[in-house]
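Heads up: the structure comes next, in C-alpha cells.
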Amino acid sequence: MLYERQIILDKILGCLNGKDTYGIGILLRETRILLELEENKNKYETLRFYCTWSLHNSLDRNPLLYDILDKINIGFALLNNNEVNENGRNHMSEVIDALQLESLQDDFVKLLNTYFKLNKFLIEITNYIMSNDFLIKVFENVIHKKIYYSENVGAKLLNKMKSTIENTVKINEIRSSFIDESIENIDLRIKKSNSTIVHSITISQVSERAVTFTLTTQSQGKIIGNVYF
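Each step along the sequence shown adds one to the number in this note's numbering, with nothing skipped, and position 66 is 1558.
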C-alpha cells in the first residue's frame, strides 16, 4: 500500500508541475485514486466531488450534488426571480457560492500539506491552487458534463430533492402571499406557485477568464450566464 501511495503521489507532483488542462485532469483522477486508497473521501468531500465530476460525462448520484442544487434553488427563490437584488447578487452569484470553490481549493491545499513536506515548490503550488487560473483548469475538465437531479436514486437523495423543491415553493408562496390548498403533488405545487426549480447545471464554455453556465429549470427553460474570474 505504501508503494502504491508513493506512485500516486509522484504522479500528483508531476501533474502540478505541468499546470495545463490535460495535466490537471490527470491530477483530479490520481487524487481521487489516492482518496479511495487512503479512505479519506469524507475528509476532503468537496475535492472528491470535483474529482468524480471530472471523470463522468454526467453525474446524478453524488450527495454533494444535491447540496449544491439545494443552495442554488433556495438562492434563486430568495432572489425572487429578479436578475439582480439590492445587494448586487444575481443568479450566477448563487451558482458560484453553491459550487464551493474555496472549499475545493482549501481541500487541495490541506491534502498537499498532509502528504508533502513544506518547501519552495510546495509554496508555489499552493499559490497556484489558490488562484483563479487553477479554477479555470478545473472547469475545463468538467465542461459539457451535466450534473442533475434524478428520480432514479436512493430514498435519502430523493427525499433531499423533494425537500429542496418544497422549501423553494414555500419561499415563493410567502413572497407572493400565495394561499395553497393541501396538495401533495409536488409538480402541481411548482406550477401553481411559478417557482423556478433548477434541475441541472452544465458548464457550456470556458475561456481564459470566464465560465459560461447553462441551467435547466422547471418553468423558465434555460438560464445561461457568465462568471468572470
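Just so it is clear, CB atoms sit at the ideal spot from N, CA and C, and this is done for glycine as well.
- Counting along the chain, L1707 sits inside the beta strand (DSSP E) bounded by residues 1702 to 1709.
- Inside the region 1583 to 1623, DSSP marks whole alpha helix (DSSP H) runs of 4 or more residues at positions 1583 to 1590, 1593 to 1607, 1612 to 1621, from first to last along the chain.
- DSSP places Q1697 within a strand segment (E or B) once states are collapsed to three.
- In the structure shown, L1508 falls within a helical segment according to DSSP collapsed to helix, strand and coil.
- DSSP links S1692 through a beta bridge to Y1640, T1708.
- Partner residues in a beta bridge of G1713, as assigned by DSSP, do not exist.
- For Y1542, the enclosing alpha helix (DSSP H) stretches over residues 1537 to 1546.
- The beta carbon of T1704 is closer than 6 Å to those of S1696, Q1697, N1718 in its chain, skipping five residues each way along the sequence.
- Distance from the CA atom of T1513 to the CA atom of C1507, rounded to whole angstroms, is 10 Å.
- When secondary structure is reduced to three states using DSSP, V1630 falls in the helix class.
- L1551 places its beta carbon less than 8 Å from that of I1639.
- Shown here for T1544: same chain residues with a beta carbon closer than 8 Å to its own, the five before and five after excluded, namely R1524, L1551, N1554 in chain order.
- In its chain, beyond the 5 residues on either side, K1637 have a beta carbon closer than 7 Å to the beta carbon of N1549.
- With respect to the 8 Å criterion, I1715 and H1583 are classified as neighbours on the basis of their beta carbons.
- By the CB criterion at 8 Å, F1600 and L1539 fall inside the cutoff.
- Out of L1561, E1643, K1503, L1707, the CA that lies nearest to the CA of Y1607 is found in K1503.
- With respect to the 8 Å criterion, T1708 and H1691 are classified as neighbours on the basis of their beta carbons.
- For E1531, there is no enclosing alpha helix (DSSP H), as DSSP gives it neither H nor E.
- Counting along the chain, N1549 sits inside no alpha helix (DSSP H), nor does DSSP assign it H or E at all.
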